[in-house]
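Numbering (full-length UniProt numbering), first residue to last: 1 to 172. In what follows, a single structure is set out as structure tokens and then discussed.
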């Protein structure tokens, strides 16, 4: 196994001020993730457990995907496609923007306390709950993340389309 000197993305974001991880570095990270998804999908593989804990960072090698297992939640569903990775990528984009856990600002239905995983899953699936973004998040970035998290999997962009959008922004 390869050593990645900056650890996983979740820990890095939790311990780094947004200003210290600038937009160019975040864009590079997002591009690397999209390139990894493009490669997997071109090989007819699905990651199935894409999340910030399974994204590793290195000061020289960049960003890499890890832990190609299936989450317990994914094992409950049959017939998933590449679109499941794309939805998860949209969630990771929100984490890159906010440095916060997805849905951290969402509260339960009745008592206003933190939601259980079951309540969160129900609200994501049936009520369209999505993670939040900072007010100063660029419109193109928020739009891309929202497209990735479209309720209808057929409406989500491909990894190829995502790479194109990110590459276009990287040169601007």
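Beta carbons: idealized from backbone N, C-alpha and C, even for Gly. This one's a predicted model, so the numbers in the text were calculated from it and none came from an experiment.
Residue state for residue 9 is assigned as helix, using DSSP reduced to three classes.
92 is the residue among 116, 96, 92 and 63 whose C-alpha sits nearest the C-alpha of residue 149. In this structure the segment 44-58 does not touch the segment 115-123; the number of beta carbon pairs closer than 8 Å is below three. Annotation: the continuous alpha helix (DSSP H) that includes residue 24 extends over 23-42. The three-state reading of DSSP puts residue 61 in coil, since its state is none of H, G, I, E or B. Listed in chain order, the non-local C-beta contacts of residue 98 below 7 Å within the same chain comprise 132, 133 and 134, local neighbours out to five positions each way being set aside. In this structure residue 90 is in contact with residue 145, their Cβ atoms being roughly 4 Å apart against a cut-off of 8 Å. Between the segment 25-34 and the segment 151-171, the count of Cβ pairs shorter than 8 Å is three or higher; the stretches touch. Pairwise C-beta distances place the segment 147-161 in contact with the segment 81-89, as three or more of them are shorter than 8 Å.
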